[in-house]
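Participant: In the working numbering, the protein residues as written are 94 to 198.
(1) Does the beta-carbon distance from residue 138 to residue 97 come in below 9 Å?
(2) Going by beta-carbon coordinates alone, are residue 116 and residue 166 separated by less than 9 Å?
(3) In three-state DSSP terms, what is residue 99?
(4) Would you be able to state if there are at least three C-beta pairs under 8 Å between the stretch 171-178 and the stretch 142-152?
(5) With distances taken from CA atoms, which of 140, 193 and 110 is nearest residue 178?
(6) Need the endpoints of the alpha helix (DSSP H) that residue 158 sits in, please.
(7) Measure from the alpha carbon of residue 180 to the alpha carbon of each residue in 158, 134 and 143, then state which is nearest.
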């Protein structure tokens with residue numbers, strides 16, 4: 094999926110579906126490892142867009158609600174889920190890209 098081509102509303106709808114799957118523990122497993130990196134990539138693209146342009150209060154409220162559900166369904170991780178090398182290469186931080194520092198319960 095080419096995330097850059099999707100409208101912000103479509104990305105948020107995709108994140109909502111991902112959060113629902115994560116909350117229900119209905120995440121596809123590949124080789125015994127939860128493969129939800131695509132879902133996290135959606136969240137990252139949303140974050141990039143929100144930082145680049147102002148969004149409506151409704152959008153902020155929707156994201157706060159979805160992110161709260163995601164936080165409740167996951168636990169904080171000391172390591173970046175995609176890997177420390179990806180984090181370093183992309184200059185991600187646990188404070189700004191917090192969603193990459195959470196793992197499934």
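Think of the CB as a built atom: it goes at the ideal place given N, C-alpha and C, for glycine as much as any other residue.
Quick caveat: nothing in here was measured; it's all calculated off a predicted structure.
Facilitator: Looking at the atomic coordinates:
(1) The count along the chain shown starts at 1 and reaches residue 138 at position 45. The count along the chain shown starts at 1 and reaches residue 97 at position 4. Going by C-beta atoms, residue 138 is nearer than 9 Å to residue 97.
(2) Locating residue 116 in the chain shown gives position 23, counting from the first residue. Locating residue 166 in the chain shown gives position 73, counting from the first residue. Contact annotation: residue 116 and residue 166 have beta-carbon atoms nearer than 9 Å.
(3) Numbered from its first residue, the chain shown carries residue 99 at position 6. Residue 99: coil per DSSP, three-state reduction.
(4) Not touching, per the Cβ criterion.
(5) Stepping through the chain shown from its first residue, residue 178 is reached at position 85. Taking residue 178 as reference, the option from 140, 193 and 110 with the minimal CA-CA separation is 193.
(6) Residue numbering aside, residue 158 sits at position 65 when the chain shown is read from its first letter. First-last of the alpha helix (DSSP H) with residue 158: 150-166.
(7) Position 87 of the chain shown, counted from the first residue, corresponds to residue 180. The closest CA to that of residue 180, considering only 158, 134 and 143, is found on 134.
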